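Asker:
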Amino acid sequence: MAHARSLIAPLSRLTTSPISSIPYQTIRYATTKAQPKKKKKARNTFLQYDLKRADQFSLIDAMQYIRAFEVGRNPSSSKYEMHVRLRTLKNGPVVRNRLRLPHPVKTDIRICVIAPPDSKAAAEARAAGATLVGEDDIFNQIKEGIVDFDRCICHIDSLQKMNKAGLGRLLGPKGLMPSTKTGTVVTQVGTSVRNMVGGSEYRERLGVVRMAVGQLGFTPEEMQRNVKAFMDALRKDIAQMSDRVSKDVHEVVLSSTNAPGFTLSGEFRGANSIAPKELSGPL
């Protein structure tokens, strides 16, 4: 016991102080030096997927699956759509053009023609299918905020009057302002309206070009001709831009209004595909 007391006695003389009484300057904290974050190099091209890992379909197989998704719908209400993914720079020039397909895709496009109302050009425009023809009446409607059309072209004789009306700030943001650069200031109004009704426009957005290439009632042969015409026109556009930017086709996808997309292999018919005539009837 004596030995134990001799050990405890020195401990009893120790005093403890609360942490609050310790000067702040004597407290040290263990810190780690923050490592600078490495900045990821920004991509100047769009992300592309390895097509070797993707299922690819012949045109007939893709049409068969798409029609299955569209069962019960009016064949003229839904359309086949092509989506072409490009290997291209993000901030480079884009592909943009107009094409008249071998088998036009009917749409309810509304065309406005700015031309003297009693002129021969106005009569040709109405005969070709324009929904709105004139000058002052059209200018007043647009200034009131009524833009009830999808395309607008101007006859060369009305160009000066249209420019004086100051429609650029109203139609420009909508992409509807006629100009010689876009080919919408014309001399042959009737021909231009007919081409616009039967033609289709396409424009590259975020590295993808989209365009309707057919209706569900089209036969595989009609679709094949339309797809070929679209791809030929697109490759021609790309070739003409080769001196400014490098572009190339990476993936071609066929979808519809209500169906998912199917990557095309480039073949018309696969080894186990159904006969083309089986896709020629009603849904």
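Numbered per the working numbering, the sequence shown spans residues -15 to 267. For every residue, glycine included, the Cβ atom is placed at its ideal position computed from N, Cα and C. On a predicted model such as this, the values are computed, not experimentally measured, just so you know.
What is the C-beta distance between Gly113 and Ile95, in whole angstroms, given that I count them as a contact (C-beta under 8 Å)?
Answerer: 7 Å
Asker: Quick one: complete beta strand (DSSP E) runs, 3+ long, within the stretch 49 to 105?
Answerer: 63 to 71, 80 to 84 and 95 to 98
Asker: Tell me whether Gly250 sits in a helix, a strand or coil according to DSSP, three-state version.
Answerer: coil
Asker: Residues in its own chain within less than 8 Å of Arg84 by CB, not counting five upstream and five downstream?
Answerer: Asn179, Gly182, Gly183 and Ser184
Asker: Under the DSSP definition of a beta bridge, which residues are partnered with Arg194?
Answerer: His67
Asker: Using the Cα positions of Pro260 and Phe252, report the straight-line distance between them to the nearest angstrom.
Answerer: 10 Å
Asker: Can you tell me whether Ser240 is helix, strand or coil according to DSSP?
Answerer: strand
Asker: Please report the residue range of the alpha helix (DSSP H) in which Arg279 lies.
Answerer: This structure gives no information on residue 279, because the portion of the chain shown stretches from -15 to 267.
Asker: According to DSSP, His234 sits in a beta bridge with which residue or residues?
Answerer: The secondary-structure analysis by DSSP pairs His234 with nothing; it has no beta-bridge partner.
Asker: Pull up the CB-CB distance for Arg69 and Val170, whole angstroms please, since I reckon it's below 8 Å.
Answerer: Here Arg69 is actually not in contact with Val170; their C-beta atoms are around 33 Å apart, not less than 8 Å.
Asker: State the CB to CB distance for the pair Pro100 and Ser142, rounded to an integer number of angstroms; the pair is presumed to be in contact (CB under 8 Å).
Answerer: 6 Å
Asker: Can you give me the C-alpha to C-alpha distance between Leu238 and Arg71, rounded to a whole angstrom?
Answerer: About 18 Å.
Asker: Quick check: the Cα distance between Ala105 and Gly150, rounded to an integer number of angstroms?
Answerer: A straight line joining the alpha-carbon of Ala105 with that of Gly150 spans about 22 Å.
Asker: Starting from Gly183, trace the beta strand (DSSP E) both ways and give me its first and last residue.
Answerer: Gly183 to Arg189
Asker: Output the distance between the C-alpha atoms of Ser257 and Leu35, rounded to the nearest integer angstrom.
Answerer: 21 Å
Asker: State the DSSP-derived secondary structure class of Gly167, mapped to helix, strand or coil.
Answerer: When DSSP states are grouped into helix, strand and coil, Gly167 belongs to the coil group.
Asker: List the endpoints of the continuous beta strand (DSSP E) containing Arg135.
Answerer: Arg135 to His139
Asker: With a threshold of 8 Å between beta carbons, is Gly167 in contact with chain D?
Answerer: Among the chains of the structure shown, chain D does not appear; only one protein chain is present.
Asker: So Ile222 packs on Val79, CB below 8 Å; how close in whole Å?
Answerer: 7 Å
Asker: Going by the DSSP bridge assignment, what does Thr29 pair with across the sheet?
Answerer: Leu73
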